[in-house]
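Q:
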Amino acid sequence: MKRREFLTSTIASMAMARGALAHTPEQYDAMIPPSGLPESMLPRIVDYPEVPVPGEIHVNPNRFALYWTLGGGTALRYSVGIGRQGLYEPGEFYVAHKRKWPPWTPTPGMIEREPAKYARYADGMPGGPNNPLGARALYLFDQGGWDTYLRIHGTDDPSTIGQRVSNGCARLTNDHIVEFYGLVPIGTRVVLQPVTG
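When you line the sequence shown up against the numbering used here, it's residues 724 to 920, in that order.
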């Protein structure tokens, strides 16, 4: 094989391999398995008279539930995982940004608390199936317009749903966040209710 042919075939092989590794959001979406959650934890419409206004997100950490209010005293309920003890932050926020298969960078607080786990990602991680934010993320900002670093995002680990496991975010399974993401417009009011008991 001549040198030119060798170089051409090598470059072509590398380009094909790179192309095979790069995925579009739609290709990643096609790889999402069903959550496998029990029937009682699947999304469903429930009575929710606490908030008569449609189009709001309310997270009840005591029930590990996220409610998308529909009006008329009803809501679409999703099961979620929430922040660990001392990391869940109640309050009122709004959705400022939305991303499909978002990149992720641990916060300085995460790196400080668990350097062995998070320091290697200080420069960030691209979006994809192994990313902690999962298939979608809603970025929560405070009323002053500041990023809180709180997110409502996906996870590929259904065992974390119904648990206090995160660094403050609320998480849904990837199949559920893909569905939910399509319902939520930018500017949506988000209420993270306090932990009681």
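Just so it is clear, CB atoms sit at the ideal spot from N, CA and C, and this is done for glycine as well.
By the DSSP assignment, the alpha helix (DSSP H) with Phe-903 in it spans what residues?
A: The residue labelled residue 903 in the question sits at position 180 within the sequence shown. Start and end: 897 to 904.
Q: If you draw a straight line from the alpha carbon of Gly-867 to that of Gly-910, how long is it in whole angstroms?
A: Here residue 867 corresponds to residue number 144 of the sequence shown, with the count starting at 1. Here residue 910 corresponds to residue number 187 of the sequence shown, with the count starting at 1. About 13 angstroms.
Q: Identify the continuous alpha helix (DSSP H) that holds Arg-836 and give its terminal residues.
A: As a first step, residue 836 must be located in the sequence shown, where it is residue number 113. Here the alpha helix (DSSP H) through Arg-836 covers 831 to 836.
Q: Quick check on Ala-798: buried or exposed, where buried means 16 or more other Cβ atoms within 10 Å of its Cβ?
A: As a first step, residue 798 is located in the sequence shown; it is residue number 75 there, counting from the start. Flag for Ala-798 reads buried.
Q: Please check the pair Gly-759 and Pro-881, which I expect to be a contact at CB under 8 angstroms, by giving their CB distance rounded to whole angstroms.
A: As a working note, residue 759 is residue 36 in the sequence shown. As a working note, residue 881 is residue 158 in the sequence shown. Their Cβ separation, rounded to whole angstroms, is 5 angstroms, which keeps Gly-759 and Pro-881 in contact under 8 angstroms.
Q: Along the chain, where does the alpha helix (DSSP H) containing Glu-749 start, and where does it finish?
A: Walking along the sequence shown from the start, residue 749 turns up at place 26. Where Glu-749 is concerned, the enclosing alpha helix (DSSP H) stretches over 748 to 753.
Q: Could you work out which residue in Tyr-790, Leu-915, Val-818 and Ile-875 is closest to Met-764 when comparing CA atoms only?
A: The residue labelled residue 764 in the question sits at position 41 within the sequence shown. Comparing Cα-Cα distances from Met-764 to each of Tyr-790, Leu-915, Val-818 and Ile-875, the minimum goes to Tyr-790.
Q: Helix or strand or just coil, what does DSSP make of Ser-882?
A: Sequence index remark: in the sequence shown, residue 882 carries index 159 (1-based). In the structure shown, Ser-882 sits in a helix (DSSP, three-state: H, G or I).
Q: Just checking my contact of Asp-879 with Asn-897 at CB under 8 angstroms: how many whole Å lie between their CB atoms?
A: The residue you call residue 879 lines up with position 156 of the sequence shown. The residue you call residue 897 lines up with position 174 of the sequence shown. Rounded, the Cβ-Cβ distance is 6 angstroms, consistent with contact.
Q: Is the Cβ-Cβ distance between Phe-816 and Asp-870 less than 8 angstroms?
A: For this step, residue 816 is matched to residue 93 along the sequence shown. For this step, residue 870 is matched to residue 147 along the sequence shown. No, these two residues do not count as a Cβ contact at 8 angstroms.
Q: Could you work out which residue in Thr-828, Pro-756, Arg-767 and Asn-853 is closest to Phe-903 when comparing CA atoms only?
A: By one-based count along the sequence shown, residue 903 stands at place 180. Of Thr-828, Pro-756, Arg-767 and Asn-853, the residue nearest in Cα terms is Arg-767.
Q: CB-CB under 8 angstroms to Thr-828, same chain, minus the five flanking residues each way: which ones, in chain order?
A: Here the question's residue 828 lines up with position 105 in the sequence shown. Excluding positions up to five away in sequence, the list reads Tyr-844, Ala-845, Asp-846, Gly-847 and Met-848.
Q: With DSSP collapsed to three states, give me the class of Tyr-940.
A: This structure gives no information on residue 940, because the portion of the chain shown stretches from 724 to 920.
Q: For Leu-856, I'd like the list of residues in its chain whose CB is within less than 6 angstroms of its CB, leaving aside the five on either flank, ordered along the chain.
A: In the sequence shown, counting from the first residue as 1, residue 856 sits at position 133. Closer than 6 angstroms at the Cβ level, and outside the excluded window around Leu-856, lie Pro-825, Trp-827 and His-876.
Q: Less than 7 angstroms between C-beta atoms, sequence neighbours within five positions excluded: which residues of the same chain meet that for Ile-755?
A: Taking the first residue of the sequence shown as 1, we reach residue 755 at position 32. These residues qualify, in order along the chain: Ala-858, Asn-897, Asp-898 and Val-901.
Q: Can you give me the C-alpha to C-alpha distance between Asn-854 and Ala-860, rounded to a whole angstrom?
A: Locating residue 854 in the sequence shown gives position 131, counting from the first residue. Locating residue 860 in the sequence shown gives position 137, counting from the first residue. Between Asn-854 and Ala-860, the C-alpha separation is close to 11 angstroms.
Q: Give me the Cα-Cα distance between Ala-753 and Gly-851, rounded to the nearest whole angstrom.
A: As a working note, residue 753 is residue 30 in the sequence shown. As a working note, residue 851 is residue 128 in the sequence shown. Distance between the alpha carbons of Ala-753 and Gly-851: 12 angstroms.
Q: Counting C-beta neighbours from all protein chains within 10 Å, is the total for His-781 16 or more, i.e. buried, or is it exposed?
A: Residue mapping note: residue 781 aligns to position 58 of the sequence shown, counting from 1. By the neighbour-count rule (16 or more Cβ atoms within 10 Å), His-781 is buried.
Q: Look at Val-818 and Thr-792 and say whether their C-beta atoms are less than 8 angstroms apart.
A: As a working mapping, residue 818 is identified with position 95 in the sequence shown. As a working mapping, residue 792 is identified with position 69 in the sequence shown. No, the Cβ-Cβ distance between Val-818 and Thr-792 is not below 8 angstroms.
Q: Take Val-888 and list the residues in its own chain whose beta-carbon comes closer than 7 angstroms to its own, dropping the five residues that flank it on each side.
A: Within the sequence shown, numbered from 1, the residue matching residue 888 stands at position 165. Excluding positions up to five away in sequence, the list reads Gly-804 and Arg-807.
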